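Student: In this note's numbering, the protein residues as written are 3 to 328.
1) Decide if the segment 233 to 243 is in contact with the segment 84 to 104; the criterion is three or more beta carbon pairs, one per stretch, under 8 Å apart.
2) Output needed for residue 158: all residues of its chain with C-beta closer than 6 Å, excluding positions within five of it in sequence on either side, in chain order.
3) Can you tell me whether residue 58 is helix, strand or coil according to DSSP?
4) DSSP beta-bridge partners for residue 236?
5) Rounded C-beta distance between residue 31 and residue 84? I'm assuming under 8 Å.
6) Rounded to whole angstroms, what's the CA-CA distance from residue 202 to residue 297? Just pull it up for me.
7) According to DSSP, what are the bridge partners of residue 173?
8) Would you kindly report the start and end of the unbroken beta strand (DSSP E) that includes residue 27?
9) Measure how close the beta-carbons of residue 317 and residue 257 come, nearest whole angstrom, since I'm counting them as under 8 Å.
10) Using 8 Å for Cβ pairs, my map puts residue 251 next to residue 262. What's the rounded Cβ distance?
11) By Cβ distance, which residues of its chain are closer than 7 Å to residue 79, with the 5 residues on each side in sequence left out?
12) Check whether the Cβ atoms of residue 222 and residue 243 sit closer than 9 Å, and answer yes or no.
13) Helix, strand or coil, according to DSSP, for residue 270 in the structure here?
14) Please report the straight-line C-alpha distance between residue 312 and residue 295, rounded to a whole angstrom.
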């Protein structure tokens, strides 16, 4: 195996699938001549040409609509948003057309399309460029939502997403594009809808997803030094969400902490909390704990942002509370 960055495996996954199927194409702002805003499509214009790697105007509603129409007519578009904050301009096409056309057409049309790009915060980018929309899209029937936490998962999940016949929201992070990881040389796919236990444990279950998984794993490693065994679950897919893996873990550990980079109201952690109390209430030995961002827009100030973003110490504190340890 060789080491590759997150951005490199995104390009690999798209290129490998495009070599197999000429109906697959990539479109978005700066994906072609500039090799992608984050260089996640580097070299693809040279290999596939301007008809399959398409630079678009700054007009998300327009090119999202074009992609939906292309998908309905037998193509398999990949749409890159420079950030999912900008996808809000095209969200009408995603929610009212891509997510619903299969049902509204009585199954006559599928919409095999991948909408991909970075989500959530990436440092000092201000309130309008630091938003996590996983729960927004996951709320919509007809959409699948994938949020990988590392390069290996990203490649396998993106290849699966491109072959899927449903519209998929594939959310990355600007802060992960440079992360390196050993990637198998042979081709592989990962299933959508299956969580991954990143670390086995017996005392408390810690659930998270996306780039903040780094915080979850670090917290588990720190807690092990204090004699607390934390089982870490990476959801990987937000819709469909693998409740079975979470519930099985809670039945083993009897405690649950959820870490999420999102506002608290109507969050993914809220949904998980409901499902666990519904299906594993009698197994809980402590109230479920969750860590989110504050219920406020992200601040620009570096000092304020550091306070706004979930902290490692906060995660460890909530784990201890779940264990009734001071």
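Glycine is no exception: its CB is placed at the ideal position from the N, C-alpha and C atoms. Just so you know, these numbers come straight off a predicted model, no measurement behind them.
Tutor: Answer, in terms of the structure:
1) no
2) The count along the chain shown starts at 1 and reaches residue 158 at position 156. Once the five neighbours on either side are set aside, the close Cβ partners of residue 158 are 190, 191 and 192.
3) What you label residue 58 is simply residue 56 of the chain shown in a count that begins at 1. Here residue 58 sits in coil by DSSP.
4) Start at 1 with the first residue of the chain shown, and residue 236 comes out as number 234. DSSP output for residue 236 lists 198 and 210 as bridge partner(s).
5) Translated into the one-based positions of the chain shown, residue 31 becomes position 29. Translated into the one-based positions of the chain shown, residue 84 becomes position 82. Their Cβ separation, rounded to whole angstroms, is 5 Å, which keeps residue 31 and residue 84 in contact under 8 Å.
6) Sequence index remark: in the chain shown, residue 202 carries index 200 (1-based). Sequence index remark: in the chain shown, residue 297 carries index 295 (1-based). Taking the straight line joining both Cα atoms gives about 32 Å.
7) To locate residue 173, count along the chain shown from 1; it is residue 171. Per DSSP, 119.
8) Translated into the one-based positions of the chain shown, residue 27 becomes position 25. Looking at the DSSP string, the run of the beta strand (DSSP E) that includes residue 27 is 26 to 30.
9) Residue 317 sits at position 315 when you count from the first residue of the chain shown. Residue 257 sits at position 255 when you count from the first residue of the chain shown. No, residue 317 and residue 257 are not in contact; Cβ-Cβ is about 14 Å, not under 8 Å.
10) Counting from one through the chain shown, the residue named residue 251 turns up at place 249. Counting from one through the chain shown, the residue named residue 262 turns up at place 260. Between residue 262 and residue 251 the Cβ distance is about 17 Å, and since that is not below 8 Å, they are no contact.
11) Along the chain shown, one-based indexing puts residue 79 at 77. Excluding positions up to five away in sequence, the list reads 27, 29, 69, 72, 73 and 115.
12) Your numbering for residue 222 matches position 220 in the chain shown. Your numbering for residue 243 matches position 241 in the chain shown. No, they are not a contact pair.
13) As a position in the chain shown, residue 270 is number 268, starting the count at 1. In the structure shown, residue 270 sits in a helix (DSSP, three-state: H, G or I).
14) Residue mapping note: residue 312 aligns to position 310 of the chain shown, counting from 1. Residue mapping note: residue 295 aligns to position 293 of the chain shown, counting from 1. Taking the straight line from one Cα to the other gives about 6 Å.
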